[in-house]
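Residue 244 in the UniProt record's numbering sits at position 244 of the sequence shown, with consecutive numbering throughout. The structure under discussion appears below in the form of structure tokens.
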Amino acid sequence: MNSPNTHQKRPLTVQDLPHEILMVIFSFLDVNSLVSAKQCCSAWYSLLSKDVSWRTAFQYHFSGDQNQYFSPVGNGTWRQEYILRMALQIAYKRGKGQTMQYDSRVGQMTHIYCDFGSNRLFTGNLMTGCVSISDPKTGKVERGLLHCGSGELSTTHTVSKMMLGRQLMGFGFLNGQVGAIIMTRAVANQRKFRAFSEKHEDAVSCIDVVRGDLPPLGQIGIVTGGDDGCVRCWDARTGVCLQSFRFDSSQIVSVNYNSRRRLLMFDVYNYSKGFYALYIVEGPSILTPLVKPRLIALRVCQLNEADEPLPMLCVDCSNKCAFVTTGAPLNCIERFSYDTQDELAISSSTPLESRVLYECQGKPTYMVIDANEREPKNFCPGENARLVAVGDDAGRAYLINSQASSSRRGFLKTMEVSRNTPVTCLALNNAVLVAGAGSGFCGIFDTVTGTLLRTIANARNPARREPILCISIDSDSLSPKGAISMGKHVKSWAYTMPKQLVIRRPRTVNPRSANIPPSLPMQRGGAEYSKNELEREILMGLDQVAQERRERLEAKEQAQQLLGAGLVGLSDEELLAYATMLSREEAERQELQAQEMQTILAEETTAENAPGNSTQESSAPILETPTSVTASSPPIVPENYMDLDEEEQIRLAMQLSLLDMN
């Protein structure tokens, strides 16, 4: 008789699946489902806590692989990257709210810059030289209009180049004049155009300004290039030319200046020999008088003014490379590395080891690089790549990894913006690429998948289609904000990310009791205050700082009028030392006068006690200093009147006035 089997097999469950199969199953879930599955059991919790599970889910949802290059938006983990990318896609696909604004005083919008921190939108017109300021959220336009004409430059139709920044706006004219408008309160002539002292001999062909804060005094704020073959570096505060480089029989095509790295790169076209030359000047020696630019690359020009556009320039300082576009017949983007100390000889070509070609399907029309500088990291998602976007006249946009030293992988992504219509403008950050075409179409594309997330503008009526000339988006990828210009109108957007997917800071702030202002309205708990009150306190603090700055400037002007220009720039310690020195000199002078008086009295006493002077004493009158003023004894004004101290001068003046009254 067979004995009963006491060891029965346990049925298999989902928990018995291998980790590799579970990771594939989990990759089909969304973010919320993954978080819920993490709480089922300890085995799933440990599996989903690993970064490799989130990497598998990321590769499934974003159609990527382990060797894909992109710019991460998170803190360096695949979990954070997956959650934030999903939140950004939801924000762009489901976001609502777009603001349209129009300013009839400006006309056609050719330049735009949006400061998302202070909610200020600058829109300019190159033909009229006017700049309008508005609020991108509400569309409210300020009453004042900035104008780049004053005095001799009243004819603003001669403006050739313009660039807008947060605190600085640069203008170049056809007669070679250069000027700027400063938007900060640190200078006296804020929001007023100021023409610089020097100028180019020919028209200004290219310009670059510092987009961030206004540089300090004596630093480069504006760089201009002219048709006269001269590159000039300007101090935006004083309008003085700090440095200049001149090339004979040449024209400056493009300039690029990085204020943080102190790097200047410019492209020169020599029309007598027919080639382009790329030069660089970097380091603190950029302002030294005898510095010479270093040659990076030479490119033979097959010049055809009707077919070949001017080359565009982008510089990646973190990877020490530069990208230059080339028109027909090559239609490519060239990458040159300047990480070498050897100067290249002038020849008809560039060595192959420092040149990388990316061939486009059409002529390049626009190129832009991500404003966020990144260092290459292998352990970071996407290897912390920095992207470069290029658009052509066939309506396509391309993404390039600036870290790639070879073109084996080619373009990372190719996106169809508008078929058979040239791409007119591009804007790029870590998460999205915003592309505009001449047909009036503007869309937001994902930089990882290359798919279209949202259509910003696409007029169905052909009569209402106007080309997208300029685009401005926030450099912070977690801030889905931007603005575009459509002819005479500006459209701006500001979407919000889902709160369930993004960990935000708490709305209430618990400050220390010692830092709470006495005028701050407190909440019921007595230790917290709301977000609106915190913002109001921050604004009041900023106003107070601005008021203190104005008071310091007024005190400085009054001190300059009273003390002179030589004592205004001194600190409190230097003024105290100067006053101490003056007091010491005054004490030494008084002590010297007292010694001289004692010497004179001693000599008179010696002369009186000498024998034979008794007859002279009776005949010669005794001269004494008058101590009181009467009608019969007028005061004697000494010859050294200016050497008397302040009290003696006042006493003598009172004696003279009493004498006049008597």
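Heads up, the beta-carbon is just placed ideally off N, CA and C, and yes, glycines get one too. Every value quoted in this text rests on a predicted model; they were computed, and no experiment measured them.
Burial state of residue i, where buried means 16 or more other Cβ atoms lie within 10 Å
{"i": "Arg-651", "result": "exposed"}
{"i": "Phe-70", "result": "buried"}
{"i": "Tyr-269", "result": "buried"}
{"i": "Arg-589", "result": "exposed"}
{"i": "Arg-237", "result": "buried"}
{"i": "Met-582", "result": "Per the sequence presented here, residue 582 reads as Leu, with Met not at that position. Per the 10 Å Cβ criterion, exposed."}
{"i": "Leu-84", "result": "buried"}
{"i": "Cys-332", "result": "buried"}
{"i": "residue 664", "result": "Past the edges of the chain, shown from 1 to 662, lies residue 664, and the structure says nothing about it."}
{"i": "Arg-419", "result": "exposed"}
{"i": "Leu-313", "result": "buried"}
{"i": "Lys-556", "result": "exposed"}
{"i": "Asp-339", "result": "exposed"}
{"i": "Ser-160", "result": "buried"}
{"i": "Arg-335", "result": "buried"}
{"i": "Asp-316", "result": "buried"}
{"i": "Thr-224", "result": "buried"}
{"i": "Ala-397", "result": "buried"}
Backbone secondary structure at residue i - three-state DSSP
{"i": "Gln-101", "result": "strand"}
{"i": "Glu-551", "result": "helix"}
{"i": "Val-35", "result": "helix"}
{"i": "Leu-623", "result": "Its pLDDT being 39, under 50, Leu-623 is placed unreliably by the model, and nothing is read from it."}
{"i": "Asp-267", "result": "strand"}
{"i": "Val-187", "result": "coil"}
{"i": "Val-14", "result": "helix"}
{"i": "Val-24", "result": "helix"}
{"i": "Lys-292", "result": "coil"}
{"i": "Asn-662", "result": "Since pLDDT at Asn-662 reaches only 49, below the 50 mark, its modelled position is unreliable, and the value read off the structure follows with that caveat. DSSP places Asn-662 in coil when its eight states are reduced to three."}
{"i": "Phe-58", "result": "helix"}
{"i": "Ile-538", "result": "helix"}
{"i": "Asn-119", "result": "coil"}
{"i": "Gln-403", "result": "coil"}
{"i": "Gly-382", "result": "helix"}
{"i": "Thr-128", "result": "coil"}
{"i": "residue 675", "result": "Since the displayed the chain opens at 1 and closes at 662, residue 675 lies outside it and no answer follows."}
{"i": "Gln-219", "result": "coil"}
{"i": "Thr-606", "result": "helix"}
{"i": "Met-597", "result": "helix"}
{"i": "Leu-287", "result": "helix"}
{"i": "Gln-243", "result": "strand"}
{"i": "Met-486", "result": "strand"}
{"i": "Lys-556", "result": "helix"}
{"i": "Lys-199", "result": "strand"}
Identity of the residue in the options nearest residue i by Cα
{"i": "Val-545", "options": "Arg-185, Phe-245, Cys-360, Asn-420", "result": "Arg-185"}
{"i": "Thr-110", "options": "Thr-326, Asn-119, Met-162", "result": "Met-162"}
{"i": "Leu-48", "options": "Arg-294, Gln-68, Tyr-82", "result": "Tyr-82"}
{"i": "Gly-395", "options": "Ala-371, Gly-443, Gly-410, Cys-380", "result": "Gly-443"}
{"i": "Ser-318", "options": "Ser-477, Ala-371, Ile-296, Asp-267", "result": "Ala-371"}
{"i": "Glu-375", "options": "Pro-72, Arg-299, Gly-436, Ile-181", "result": "Pro-72"}
{"i": "Asn-258", "options": "Gly-212, Arg-386, Val-231", "result": "Gly-212"}
{"i": "Thr-158", "options": "Cys-130, Val-35, Val-255", "result": "Cys-130"}
{"i": "Asp-446", "options": "Ser-46, Tyr-92, Ala-57, Gln-39", "result": "Tyr-92"}
{"i": "Leu-453", "options": "Pro-467, Ala-435, Ser-439", "result": "Ala-435"}
{"i": "Arg-105", "options": "Gly-139, Leu-146, Gln-68", "result": "Leu-146"}
{"i": "Gly-239", "options": "Val-187, Gly-274, Gln-251, Glu-282", "result": "Val-187"}
{"i": "Asn-119", "options": "Gly-107, Thr-128, Val-141, Leu-126", "result": "Val-141"}
{"i": "Arg-94", "options": "Pro-498, Gly-170, Glu-466", "result": "Pro-498"}
{"i": "Met-486", "options": "Leu-17, Phe-28, Gly-124", "result": "Gly-124"}
{"i": "Tyr-276", "options": "His-61, Phe-266, Glu-282", "result": "Phe-266"}
Residues sharing a beta bridge with residue i, DSSP
{"i": "Lys-481", "result": "Ala-494"}
{"i": "Pro-364", "result": "Asp-392"}
{"i": "Glu-334", "result": "Val-324, Leu-357"}
{"i": "Thr-455", "result": "Gly-443"}
{"i": "Arg-194", "result": "Ala-180"}
{"i": "Asn-256", "result": "Met-265"}
{"i": "His-111", "result": "Gly-124"}
{"i": "Glu-416", "result": "Arg-396"}
{"i": "Gln-251", "result": "Tyr-269"}
{"i": "Arg-299", "result": "Tyr-276"}
Distance cut-off 7 Å: residue i Cβ against heavy atoms of the ligand ZN
{"i": "Ser-477", "result": "The ligand ZN is absent from the structure shown, which contains no ligand whatsoever."}
Original post:
Counting Cβ pairs, one atom from each stretch, are 3 or more of them under 8 Å apart for the region 416–427 and the region 465–477?
Top reply: Contact between the region 416–427 and the region 465–477 is present, because at least three Cβ pairs lie under 8 Å.
**OP:** Could you say if the region 68–79 and the region 51–59 meet the contact criterion of at least three C-beta pairs nearer than 8 Å?
**Re:** Taking 8 Å as the limit for Cβ pairs, the verdict is that the region 51–59 does touch the region 68–79.
Original post:
Should the region 215–230 be called in touch with the region 238–254, which here means at least 3 C-beta pairs below 8 Å?
Top reply: Touching, yes.
**OP:** Please determine if the region 385–401 and the region 361–368 are in contact, where contact requires at least 3 C-beta pairs separated by less than 8 Å.
**Re:** By the Cβ rule, the region 385–401 counts as touching the region 361–368, because three or more pairs are nearer than 8 Å.
Subject >> Cβ pair count under 8 Å reaching 3, the region 538–552 against the region 169–183 >> reply: These segments do not touch.
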